[in-house]
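What follows is a set of notes on a single structure, which appears directly below.
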Amino acid sequence: MNKQKPILAIETSEKICGVCLFFSNEKYFESKINLKNSHSEKIFSSINYVLNTAGIDINEIGEIAVSSGPGSFTGLRIGMSAAKGLALGSNLPITPVPTFEAIALQVKEYFKINAEISIAERVNSDESYFAKVKLCKEKIDFIIPLQVKKIDKLKEIIGKEPIITNISLDEKIINNNLIIPVGAPDPFYIATWSKFYGTDVKTKDYDFLEPNYLKNFLVKR
Numbered sequence: 080m081n082k083q084k085p086i087l088a089i090e091t092s093e094k095i096c097g098v099c100l101f102f103s104n105e106k107y108f109e110s111k112i113n114l115k116n117s118h119s120e121k122i123f124s125s126i127n128y129v130l131n132t133a134g135i136d137i138n139e140i141g142e143i144a145v146s147s148g149p150g151s152f153t154g155l156r157i158g159m160s161a162a163k164g165l166a167l168g169s170n171l172p173i174t175p176v177p178t179f180e181a182i183a184l185q186v187k188e189y190f191k192i193n194a195e196i197s198i199a200e201r202v203n204s205d206e207s208y209f210a211k212v213k214l215c216k217e218k219i220d221f222i223i224p225l226q227v228k229k230i231d232k233l234k235e236i237i238g239k240e241p242i243i244t245n246i247s248l249d250e251k252i253i254n255n256n257l258i259i260p261v262g263a264p265d266p267f268y269i270a271t272w273s274k275f276y277g278t279d280v281k282t283k284d285y286d287f288l289e290p291n292y293l294k295n296f297l298v299k300r
């Protein structure tokens, strides 16, 4: 990435429709709208807002980073479609950002190096997306890989480590764990992940770029 050009980051994996125009840790412009089912309506107005506030045009950014999942099926599709449309029109690369890695990056500064945390995000009333990670100095290592796990089975794989989650966990599931209520990464950390870890996944092959749904989408009749 050209260091002089900012990153446009999009986060729509959960309820919040978030956009960040990232120049550096000290200079960035952000919009976050917490309104259910508003992503398709608000995403482009949010993008226009941060661009206009910064006083730049879409052609002046260096890349587009977008949360790639797991998360809401609809939210991920909206975010990825918006990123593809903007990237295609402006010939920009897209960096797909793993949602759980961005969440881990967001909370990393609050823990010691090599601390272990669990991340559990709700899929539906019965299931969660789950992973256990180690917050290494230069990277984020997955101790237990990303998977779909029944919420009532989480106690079988969660130890005493802190839990990053948007699930209201029954006290019987945990062992006096520190619980940090995070439902999705801030768009700032989508941009930050792209800056530090995104070089090898940056692409202009838009046709082959799809969200990581993790769980198959089923239509109930």
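The numbering of the sequence shown is the working numbering, which starts it at 80 and goes up by one.
Even for Gly, the Cβ is constructed at its ideal location relative to N, Cα and C.
With 16 other CB atoms within 10 Å as the buried threshold, where does residue i fall?
i	result
L257	exposed
C215	exposed
K239	exposed
E289	exposed
E93	buried
E142	buried
L233	buried
Y189	exposed
I192	exposed
K106	exposed
For residue i, tell me which candidate among the options has the shortest Cα-Cα distance.
i	options	result
A183	P175, K294, I173 and S197	S197
V129	N116, G97, F275 and V280	G97
N255	P264, Y292, P241 and A88	P241
D286	I126, P172, I89 and Y107	P172
K84	K281, E90 and L100	L100
P260	F275, P266, G154 and T244	T244
I230	A166, S160, K218 and S207	S207
F221	K191, F179, V227 and I89	F179
P149	L165, F123 and A181	A181
N127	E109, S117, N116 and K115	E109
N120	G154, I219 and L248	Reading off the sequence, residue 120 comes out as Glu, not Asn. Checking every option, the nearest Cα to that of E120 belongs to G154.
Any idea what DSSP makes of residue i, helix, strand or coil?
i	result
K232	helix
K121	helix
T132	helix
Per DSSP, residue i forms a beta bridge with which residues?
i	result
D220	K213
Y107	F101
With a cut-off of 8 Å, do at least 3 Cβ pairs link the segment 189-196 to the segment 268-281? No: fewer than three Cβ pairs fall under 8 Å.
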